[in-house]
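As structure tokens, the structure follows; a few thoughts come after it.
2 protein chains.
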Amino acid sequence: MAEEEYARLRELYSEISYIDQAINHLSWDQETFMPPGAILDRAGQMSVLSAIHHRKVTDPEIGRLVSVLEKSELGEEVSAVVREIGRAYRRQTSIPEDLVKEIASTQSVAQQAWQNARKKDDFSMFSPYLVKMVELKKREAECVGYDDVIYDALLDVYEPYARSSEITELFSSLRSRLVDIVKKITESGIVIDETVVRREYPIEDQKAFCDHLAKVLGFDFDKGRLDISAHPFTSGTRRDVRMTTRFEIDNLKNSVFSTIHETGHALYEQGYLENNYLTPLAEGVSLGIHESQSRFWENIIGRSRPFWSHMLPELKRHFPNMNDVTLDQMFRAVNTVGPSLIRTESDEVTYNLHIMIRYEMETGIMEGKIGVDEIPELWNDKYEEYLGIRPPTNADGCLQDIHWSMGLFGYFPTYTLGNLYSAQIYNAILRDMPDLGSRVASAEFAPILSWLRERIHSKGKLYPPKVLIEKATGSAPDADHFIRYLKEKFSGIYGITL
Amino acid sequence: MAEEEYARLRELYSEISYIDQAINHLSWDQETFMPPGAILDRAGQMSVLSAIHHRKVTDPEIGRLVSVLEKSELGEEVSAVVREIGRAYRRQTSIPEDLVKEIASTQSVAQQAWQNARKKDDFSMFSPYLVKMVELKKREAECVGYDDVIYDALLDVYEPYARSSEITELFSSLRSRLVDIVKKITESGIVIDETVVRREYPIEDQKAFCDHLAKVLGFDFDKGRLDISAHPFTSGTRRDVRMTTRFEIDNLKNSVFSTIHETGHALYEQGYLENNYLTPLAEGVSLGIHESQSRFWENIIGRSRPFWSHMLPELKRHFPNMNDVTLDQMFRAVNTVGPSLIRTESDEVTYNLHIMIRYEMETGIMEGKIGVDEIPELWNDKYEEYLGIRPPTNADGCLQDIHWSMGLFGYFPTYTLGNLYSAQIYNAILRDMPDLGSRVASAEFAPILSWLRERIHSKGKLYPPKVLIEKATGSAPDADHFIRYLKEKFSGIYGITL
């Protein structure tokens, strides 16, 4: 193999990674500690560093090294490193710099317009910018190229190697079954008492409890932090993972499940191998796989009865005003299901219907089958069809998400992929560890984390996501595991046959 | 004038400034919030960004633009911008990249060695690294060039345009008079009761009081923050100044005067003109001038009787356990004077003797008159001569400061220059504002800040520091104002003729 070329490629990629880390760090600061008056400075810093980053990623030397290495005999890991660096290089060099800049500048005005439109509940204030953004992203997709449909070229950024046709198939096997579950729960008329998690919880105590949760799940505070931001997120590197949560005095679910969710993302980041550091083998393989980790810990572990059988007594130590709450009350209160308008506030079951609506819309938009002006009406129709409720305003309808204003077409389906993957992973762990429930009930999370580390985290971008899931769980991505998981869990909670 | 060339120069300099801001931000994070395990990542990020910064500062296009502009008709401000960018360009390009790298790598090992040596109180563990560092800095100075003595080439980084000969003259007119004041105070046998500022002060309440202090002095929290670090510092930009302080439960002086000191630095940074932003006219002109701002607020305002006549009641609102303290007790407790071993813990009077010892040593070292091995003995002799005390260990002697391990020769004298400038500025303000005392006593700081903004802050690097002081105060830098200030203040406090 071409040792020298590989060493040089790693060197160049290290520089790219460090610049990327610096950019991510500045973003993190912007969401956590930056004073408001610094926004122009931060924009200037980000734009200069992004330009440097782009130049380094598209450095012709990388192209040359990748070409040489692709013709050499390489081991599996080196081959994956070269493949992934080559993919990023080809994508970035295929998009003209003028288009990159136009997308960036349109992002910032479109985001502004979206914010105003949402505030004023006026879709027409946003639609011209969305038309423009759709056109730019179509141009980007054409530059990048695709085998099947145009949407694939955009999806590829978030879920590499995935095809829209596969996702459509997965989703269509899911949709009717989800609609059916939601309908049965709604028609049962059963309303679960949520008030036990809507009492008063001093922020300081919530913070202490969330720190405890992250730690007990395996988060290494020597290599990371938990702070506060308006929208919880996780960023950083293997050695420095910054996650955030948010606190509301009268809402325990918000901080607790945001924290568990972000801890799931963070554990993935902290789980790459030290040897692979500063290569694509120490990077998350896709947003879908990333989300599978956050959702596994948040929903499958964090909203399970065994989890609260251990955590409820701990919770009571932090919040004496919870002393009267029974395990059953707690378990049910964190597992209410029902149709709602806002994706980010929806439950485990309905969440995926929110995603499907967006996925159907954005594939239609990209294929030219749906015009931007048709979005509001179509959006509302779909909510009525799938969830049985019609948004009274566009602010609570098609204007609720930031994604399209930033040109993030292809991002939404990864949320549902994450949910499907998480159930498949759960099933595989259960097979290897039949006493999973009693382990969770005694806060023995280390073996679960080890399982994930070995089969998912440590692999980085070694395999395409679909292959990774197949190798880790023994079967190709499907919707059956997820549906089975939902039916079992919520049949029990609602006492009805789903 | 060459409009196009100037516009291009400003563009290039903006990029340099933004990269500089990003580097400073990463340093700030390292001292405040970074988890310990992230240190290797941070080192990697810093090294990549520093290399990019160095390449941009030495970009031949800057040299070409500066040459063209230097031959054009330029207004005073543009001329200063070109002059300062040209100075930095020439200095940086005169030092070979190999030497830059060798200094950087020696810094990190020398700093490590210094830490260990100090811990073990063993100068011989540090001396080989110091020998190496002295040699490297001499080489740097020779590359840069100088008119008079080699030390000037190093001093120039921290106090541009200053000459060692001038500083030696200033200091020699100061030393004997300081030694005399310290001797008289020591011989008076008067010991001031400090216990009133050594009670118990909950950290939360100290934080609230420090925030209040910064705000009332004029710090704009929309464009900055006050956080905690082991060693207080200020960094950032006009729009985003990050300052830090530190808290000890039983020491009120530490947090309060660190905060006022850093607020002085921060007000300078927040006082550049928006129009000049991203040019050298929105940068501090020298460390001496910067220190004059921090020391003015810390010592001349913050340790004055009028200041505490306003602040003591406020302090009592924050700390009810201070209710019995009189203004006289408070004023005296924050103004104790006496010989001590550690520079950073020393008072307004003795501080400058600590500096002079270092200055005399480092000029001697650079001129080859003092060998590195002679440092410990000579250091102790000078402490005995100037302060009347002999360090019992090198850890409390010549190993106490980090500066030399980092190659910061030429840095120390700027501390005393700052003190001298601050007294001169005080004198000038008093001339323009004879009711200064009563304004301070009613917390009317805005007119003082306006005075500083107009004559110092807004100028940035327009003039060399010496010229700036002369224009702002009406007289060239001298030691008389400072000595007069000290004599008046401490004669009163100690009730003796100084």
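Residue numbers (our numbering), protein chains in the order written: chain A, 2 to 499; chain B, 2 to 499.
For every residue, glycine included, the Cβ atom is placed at its ideal position computed from N, Cα and C.
Given the structure is predicted, the values throughout are model-derived calculations rather than measurements.
Check	Outcome
Alpha helix (DSSP H) runs contained entirely in the region 431–488 of chain A, provided each spans 4 or more residues	437–442, 447–456, 466–474
Residue range of the alpha helix (DSSP H) that includes residue 206 of chain B	204–218
Buried versus exposed, by CB contacts within 10 Å (16 or more), residue 47 of chain B	buried
Three-pair Cβ contact test at 8 Å for the region 120–138 of chain B versus the region 401–411 of chain B	yes
The beta strand (DSSP E) enclosing residue 225 of chain B, as first and last residue numbers	225–229
Closer than 7 Å at the beta carbon, the chain B residues around residue 19 of chain A	45, 46, 49
Closer than 8 Å to chain A by CB, residue 16 of chain B	yes
Test item: CB-CB of residue 482 of chain B and residue 395 of chain B under 8 Å	no
Residues near residue 486 of chain A in its chain [Cβ-Cβ closer than 8 Å; skip 5 each side]	301, 424, 427, 428
Residue from A/357, A/326, A/270 with nearest C-alpha to residue 459 of chain A	A/270
6 Å CB neighbourhood of residue 150 of chain B in its chain, flanking five on each side removed	165
Minimum Cβ-Cβ distance from residue 224 of chain B to chain A less than 8 Å	yes
Beta-bridge partners of residue 235 of chain A, as assigned by DSSP	A/244
contact_flag[the region 219–235 of chain A, the region 243–254 of chain A] where n(CB pairs < 8 Å) is 3 or more	yes
Cβ-based neighbour list, residue 251 of chain A, same chain, cut-off 8 Å, excluding 5 preceding and 5 following	199, 200, 201, 202
Length of the line joining the Cα atoms of residue 356 of chain B and residue 299 of chain A	58 Å
Residues from the region 56–80 of chain A in contact with chain B, defined by Cβ distance under 9 Å	none
Amino acids of chain B, ordered along the chain, whose beta-carbon sits closer than 7 Å to that of residue 34 of chain A	226
Pairwise C-alpha distance: residue 348 of chain B and residue 389 of chain B	15 Å
Residue 286 of chain B versus residue 422 of chain B - alpha carbon distance	13 Å
C-beta neighbour in chain A for residue 41 of chain B, strict 8 Å	yes
Stretch pair the region 49–59 of chain B + the region 3–21 of chain A: three plus CB contacts closer than 8 Å	yes
Residues near residue 217 of chain A by beta carbon distance below 7 Å, same chain, minus five either side	444, 446
Any 3 or more C-beta pairs closer than 8 Å across the region 311–325 of chain A and the region 187–195 of chain A	no
Closer than 7 Å at the beta carbon, the chain A residues around residue 23 of chain B	23, 27, 46, 50
Proximity of residue 400 of chain A and residue 118 of chain A at Cβ, strictly below 8 Å	yes
Residue 301 of chain A, enclosing alpha helix (DSSP H) - first and last residue	No alpha helix (DSSP H) contains residue 301 of chain A, which DSSP labels as neither H nor E.
Contact list for the region 235–247 of chain B against chain A, Cβ threshold 9 Å	237, 238, 239, 240, 241, 242, 243
Per DSSP, cross-strand counterpart(s) of residue 252 of chain A	A/249
Span of the alpha helix (DSSP H) around residue 397 of chain B	Run containing residue 397 of chain B: none; DSSP gives neither H nor E here.
Nearest-angstrom Cβ-Cβ length linking residue 337 of chain A and residue 195 of chain A, presumed shorter than 8 Å	6 Å
Any C-beta of chain B under 8 Å from that of residue 53 of chain A	yes
Proximal chain A residues relative to residue 37 of chain B, where beta-carbon distance stays under 9 Å	223, 224
Which listed residue (A/466, A/30, A/484) has its alpha carbon closest to that of residue 225 of chain B	A/30
Short Cβ contact (8 Å threshold) for residue 264 of chain B with residue 214 of chain B	yes
The alpha helix (DSSP H) enclosing residue 362 of chain A, as first and last residue numbers	352–367
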